[in-house]
Amino acid sequence: MSKVIKIKRGLNIPLMGEAEKILQTPPMSDEYAIRPPVFHGVVPKMLVEEGATVKIGTPLFYDKHNEEVLFTSPVSGTYTQLVRGAKRRILEVRIKPDGKDEYIDFGTEPLTALSREQIIARLLKSGLWPGVRQRPYAVIANHEDKPRDIFISAFKTSPLAPDMDFIVNGREASFQAGVDVLGRLTDGDVHLSIQAGATTSKAYTEAKGVKIHAFSGPHPAGNVGIQIHHIKPINKGEVVWYLDVQDVIAIGILFEKGIYDAQKIVVLNGPEVLNPRYYRIVNGAQISTFADNNIRREKDVTPRFISGDVLTGEKIERDGFVGHYDDQVVVIPEGDNPELLGWLIPTPDKFSVSRTFFSFLMPWQKYRHNTNIRSGVRPFVITGLYEKVLPMDIMPMQLIKSIMINDIDMMEKLGIYEVAPEDFALCEYVCPSKIEMQTIMREGLDVMRKEFA
């Protein structure tokens, strides 16, 4: 392992509601759902009709732009409903489970007997390919590309992020099997990032077939984009792939047992959760299955449910479904109650980056953050705040402005190929102008992808 890469710029947001290391298995949900909008850029085309009986691994729909990328059922049961939104956009594909857990068998040939093309074909057929994403553009990887390198982050630093050591516990062999598969997909290296002084699981520290890199520092040190930037930055024309730990485990199980195992561990936490803890669920489960009766109920306080972390996650309803890429459900106050004089009142129970409040005198304090942004959009002026929380050698304000005026040449020069919306989440959080930087960044990446498709 190389020397520790120290990240000095960033920000840890002190949020209440950290989870205990307790793992529970809730009852099966009444319904499960795959939500196509989660997979950016995918236009779903259905393969089954309502009322069809499906097994675990049965293809439900494919991507219009790439018919080989299949999305398969996480449970066995009956495909019951297609939920559409504006302009008949498909929002949810719902399945009612039958509790039988019938799997499609994808084969268990030894990995050494399979070519790279056969490995990719099995990942595509099983529905596990959407777990493989790429930079640039932060979208599902193009299986026809050969990536320069593959990256896996074995830790997260977002607010109340799950403990990845706890998540891999008991599944170490499957993780290593997944790493072995990934090693066959690139002529470059598989890079595994761990947290210096915190990562202890031997699944990571003694992983074989990878280059291990240790990182230290505040959020966003756990973002794979930050890690790629500090390990081996992306140049124009290069493609790298990246995966989450639980996607690597699922790939390992596919080649060990020949099945698509959609089980994963999620953490339910946040200031409105009574007993924050971990749950073993099937991907696409309803959050009400494990969140009901565990949410604080107070008069005049409306809870907001977020699938994902508080910086990059998606607001969902109480009976909504866990996102495909999410291993966290956070519940915080909505912040829809008016505050007398707002930020003008000096109080120690509010967190401030700019030391507006006295909270900076108590760095150990945790806070009950809500969604109130306490102002409207203001002029977009230079403050120097973004550079303090984005540990990359780019100019964030200039990049955002180049996207806003659709200057493609300037976007390239300012490093748009290296970044994703999640990398700008902290910039958005500290922004005094209240600019929606993640949305702007996604729009810029879409323009570049369309321009060079």
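Residue numbers (the numbering used here): 27 to 479.
Every residue, glycine too, gets a C-beta built ideally from N, C-alpha and C.
Check whether the Cβ atoms of residue i and residue j sit closer than 9 Å, and answer yes or no.
i           : j           : result
residue 415 : residue 37  : yes
residue 199 : residue 75  : no
residue 284 : residue 134 : yes
residue 471 : residue 244 : no
residue 137 : residue 207 : yes
residue 164 : residue 374 : no
residue 209 : residue 235 : yes
residue 411 : residue 379 : yes
residue 67  : residue 103 : no
residue 280 : residue 451 : no
residue 295 : residue 45  : yes
residue 118 : residue 59  : yes
residue 61  : residue 347 : yes
residue 180 : residue 271 : yes
residue 405 : residue 413 : no
residue 238 : residue 174 : no
residue 43  : residue 357 : yes
residue 86  : residue 121 : yes
residue 247 : residue 33  : yes
Between the C-alpha atoms of residue i and residue j, what's the straight-line distance to the nearest angstrom?
i           : j           : result
residue 318 : residue 458 : 36 Å
residue 189 : residue 178 : 15 Å
residue 297 : residue 388 : 19 Å
residue 241 : residue 223 : 9 Å
residue 362 : residue 329 : 10 Å
residue 440 : residue 268 : 22 Å
residue 202 : residue 216 : 12 Å
residue 2   : residue 409 : Residue 2 is absent from the model: the chain starts at 27 and stops at 479.
residue 463 : residue 479 : 24 Å
residue 340 : residue 312 : 14 Å
residue 321 : residue 314 : 10 Å
residue 273 : residue 55  : 22 Å
residue 231 : residue 193 : 15 Å
residue 31  : residue 105 : 48 Å
residue 47  : residue 305 : 10 Å
residue 14  : residue 160 : Nothing about residue 14 can be reported from this structure: the residues present for the chain run from 27 to 479 only.
residue 331 : residue 299 : 10 Å
residue 213 : residue 474 : 26 Å
residue 438 : residue 398 : 34 Å
residue 110 : residue 276 : 29 Å
residue 310 : residue 449 : 25 Å
residue 29  : residue 35  : 18 Å
residue 407 : residue 249 : 27 Å
residue 403 : residue 427 : 15 Å
residue 123 : residue 89  : 24 Å
Measure the beta-carbon distance from residue i to residue j and round it to whole angstroms, keeping in mind my assumption that it falls under 8 Å.
i           : j           : result
residue 443 : residue 262 : 6 Å
residue 292 : residue 355 : 6 Å
residue 116 : residue 70  : 5 Å
residue 420 : residue 466 : That pair is no contact at about 15 Å.
residue 431 : residue 286 : With 8 Å as the limit, residue 431 and residue 286 do not qualify as a contact, their Cβ atoms being about 44 Å apart.
residue 383 : residue 392 : 14 Å between Cβ atoms; not a contact.
residue 218 : residue 145 : Going by Cβ atoms, the distance from residue 218 to residue 145 rounds to 19 Å, so no, they are not a contact pair.
residue 72  : residue 255 : Going by Cβ atoms, the distance from residue 72 to residue 255 rounds to 39 Å, so no, they are not a contact pair.
residue 476 : residue 401 : Contact flag wrong, Cβ pair sits at about 34 Å.
residue 509 : residue 169 : It is not possible to answer for residue 509, since the shown part of the chain is limited to 27 through 479.
residue 132 : residue 148 : 6 Å
Which term fits residue i, buried or exposed, when burial requires 16 or more other beta carbons within 10 angstroms of its beta carbon?
i           : result
residue 390 : exposed
residue 50  : exposed
residue 99  : buried
residue 197 : buried
residue 91  : exposed
residue 65  : buried
residue 301 : exposed
residue 152 : buried
residue 57  : buried
residue 352 : buried
residue 79  : exposed
residue 454 : buried
residue 112 : exposed
residue 204 : buried
residue 334 : buried
residue 101 : buried
residue 77  : exposed
residue 228 : exposed
residue 158 : buried
residue 84  : buried
Open item on the list: Quick check on the DSSP output: what are the complete alpha helix (DSSP H) runs of length 4 or more inside the stretch 211-253, in order along the chain?
Closed with: The qualifying runs are 228-231.
Open item on the list: Report the start-end ranges of each beta strand (DSSP E) in the stretch 333-360 that is 3 residues or longer and not cut off at the edges.
Closed with: For the stretch 333-360, whole beta strand (DSSP E) runs of length 3 or above, ordered along the chain, are 340-342 and 354-359.
Open item on the list: Which runs of the beta strand (DSSP E) at least 3 residues long sit entirely within the stretch 371-405? Give them in chain order.
Closed with: Entirely contained in the stretch 371-405, not one beta strand (DSSP E) run reaches 3 residues.
Open item on the list: Give the list of continuous beta strand (DSSP E) stretches no shorter than 3 residues that lie fully inside the stretch 65-118.
Closed with: The stretch 65-118 contains these whole beta strand (DSSP E) runs: 70-72, 85-89, 92-98 and 103-110.
TODO: Mind listing, in chain order, the continuous alpha helix (DSSP H) runs of no fewer than 4 residues lying wholly within the stretch 252-311?
DONE: You should have 271-283.
- [ ] Would you list, in sequence order, the uninterrupted alpha helix (DSSP H) runs of no fewer than 4 residues that lie entirely inside the stretch 112-182?
- [x] DSSP runs (the alpha helix (DSSP H)) wholly in the stretch 112-182: 142-152.
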